[in-house]
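Residue numbering for the sequence shown follows the working numbering, starting at 504 and increasing by one per position.
Where is the CB? At the ideal position from N, CA and C, for every residue including glycine.
As the structure is a computational prediction, the values presented were derived from the model and not from experiment.
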Amino acid sequence: MSSFTAHILGGCCMGRVVDEDLRLLGLGDFYVVDASVIPSNLGVNPSLTIVALAEYAMEKVPFKKGFSRDRVLPS
Numbered sequence: 504m505s506s507f508t509a510h511i512l513g514g515c516c517m518g519r520v521v522d523e524d525l526r527l528l529g530l531g532d533f534y535v536v537d538a539s540v541i542p543s544n545l546g547v548n549p550s551l552t553i554v555a556l557a558e559y560a561m562e563k564v565p566f567k568k569g570f571s572r573d574r575v576l577p578s
């Protein structure tokens with residue numbers, strides 16, 4: 504059985520183009536946070552996986568002095 508997806512995946516596979524923190528190899532703080540880091544079809548819609556990857560990568564991004572990761576969302 505072959506699998507098919509309508510989602511573009513695999514252009515920047517982890518370990519080949521990006522490191523474990525999703526930084527583009529050789530470019531320092533350039534992060535790839537989309538479906539291109541997913542190497543192949545997951546068999547399900549990849550939206551939640553992409554969101555999780557983006558959240559993971561953003562935790563790795565250094566923040567500037569005066570900024571905080573603890574934010575209060577407006578109600």
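Alpha helix (DSSP H) segment containing residue i, residue limits
{"i": "Tyr-534", "result": "Here Tyr-534 belongs to no alpha helix (DSSP H), and DSSP marks it neither H nor E."}
{"i": "Val-547", "result": "Where Val-547 is concerned, there is no enclosing alpha helix (DSSP H), given that its DSSP letter is neither H nor E."}
8 angstroms Cβ shell around residue i - same chain, five flanking residues per side excluded
{"i": "Leu-525", "result": "Met-517, Tyr-534, Val-535, Val-536, Val-540, Leu-556, Tyr-559, Ala-560, Lys-563"}
{"i": "Ile-553", "result": "Val-536, Asp-537, Ala-538, Ile-541"}
Sequence-distant residues of its chain with Cβ nearer than 7 angstroms to residue i (five each side left out)
{"i": "Asp-522", "result": "Leu-528"}
{"i": "Val-520", "result": "Leu-527, Leu-528"}
Residues near residue i by beta carbon distance below 6 angstroms, same chain, minus five either side
{"i": "Leu-551", "result": "none"}
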